[in-house]
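First residue of the sequence shown: 343, per my numbering; consecutive thereafter. Note that beta-carbon positions come from the ideal geometry of N, C-alpha and C, so glycine has one too.
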Amino acid sequence: MRIVDLPKYPLSQDEIAMVDRVIEKFKNKKGALIPVLQEIQKSIGFLPVEVQKKIAKELNIAEKEVYGVATFYSFFSMIPRGENDIRVCLGTACFVKGGKKIADKIQKELGIKPGQTTKDRKYSLQINRCLGACGLAPIIVINDKIYQKVKPEEVMDIIYSLDKE
Ligand code: FES
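Laid out in structure tokens, this is it:
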């Protein structure tokens, strides 16, 4: 995904204040870029493009350098994890028992692809390999809770019921 294709995920006032505090803490210090990126990633969970631009400006570093570092290390992410982190198992057992249909249904309903998060940051979707519970196939995991023998037609009810919890 190119940087221009990334959807915008608006930050809350608290998150903006957090970003400002981190930048302020490291400003004018040598080798500040990676610690700043690490601390912001840790506090708000991702490194939005507009935050990278702000870091570049405040630390007086070229934007492309910030972007280069942010994309080089796998522990940095430019996409936030959703409030509900949905993982669909597509290992062999889950795949043959309907896992693919489940993944397709979620993608269609939420309008996101694996590795993406909805704009409102409520849901993110990932595809997993075998999670070691093939006897319960097909399974999905939402925020560490396992749902077993899931049917494609009921998966969205499961997902939307999380909002009521
Ligand atoms: S294939 Fe899904 S748990 Fe093994």
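Identify which residue in K395, G387 and N402 has its Cα closest to the Cα of F417.
When the alpha-carbon of F417 is set against those of K395, G387 and N402, the nearest one is in G387.
Could you please give the first and the last residue of the uninterrupted alpha helix (DSSP H) stretch that includes Y502?
Per DSSP, Y502 belongs to the alpha helix (DSSP H) from P494 to S503.
Would you kindly work out how many angstroms separate the C-alpha atoms of L494 and I481, rounded to a whole number?
For clarity, residue 494 is Pro in the given sequence; the question names Leu instead. If you draw a straight line from the Cα of P494 to the Cα of I481, it comes to about 11 angstroms.
Return the CA-CA distance between F368 and G424, expressed in angstroms with no decimal places.
F368 and G424 have their C-alpha atoms roughly 28 angstroms apart.
Measuring from the CB of A479, is there a heavy atom of ligand 1 at a distance below 8 angstroms?
Flag set: Cβ of A479 near ligand 1.
Considering only residues of the same chain and omitting the five flanking positions on each side of K395, which have a CB-CB separation below 7 angstroms?
Sequence-distant partners of K395 (beyond 5 residues in either direction) whose C-beta falls short of 7 angstroms from its own C-beta, in its chain, are E405.
Opposite S466 in the DSSP bridges: which residues?
Paired residues: D427 and T459.
What do you get for M343, buried or exposed, if any count of 16 or more other CB atoms within 10 angstroms of its CB means buried?
With a pLDDT of 47 at M343, under the threshold of 50, the modelled position of this residue cannot be trusted, and the question is left open.
At which residue ranges does the region 401–445 contain complete beta strand (DSSP E) runs of 3 or more residues, listed in the order of the chain?
For the region 401–445, whole beta strand (DSSP E) runs of length 3 or above, ordered along the chain, are 426–431.
Per DSSP, which residues does V483 bridge with? Please list them.
Paired residue(s): R429 and I488.
If you drop the 5 nearest sequence neighbours on each side, which residues of the same chain put their C-beta closer than 8 angstroms to that of M498?
For M498, the CB contacts under 8 angstroms within the same chain, skipping 5 residues up- and downstream, are K447, I448 and E451 in chain order.
On the criterion of 16 or more Cβ atoms from any shown chain inside 10 Å, does V361 qualify as buried, or is it exposed?
With 16 or more Cβ atoms within 10 Å of its Cβ, V361 is classed as buried.
With a threshold of 8 angstroms (Cβ to nearest heavy atom), would A435 be considered close to ligand 1?
Yes.
Let me know the secondary structure DSSP gives G387 once reduced to three states.
Reduced to three states, the DSSP call for G387 is coil.
First and last residue of the uninterrupted alpha helix (DSSP H) at A359:
Looking at the DSSP string, the run of the alpha helix (DSSP H) that includes A359 is Q355 to F368.
Here's the rule: buried if 16 or more other CB atoms are within 10 angstroms of the residue's CB, otherwise exposed. What is Y502?
So Y502 counts as exposed.
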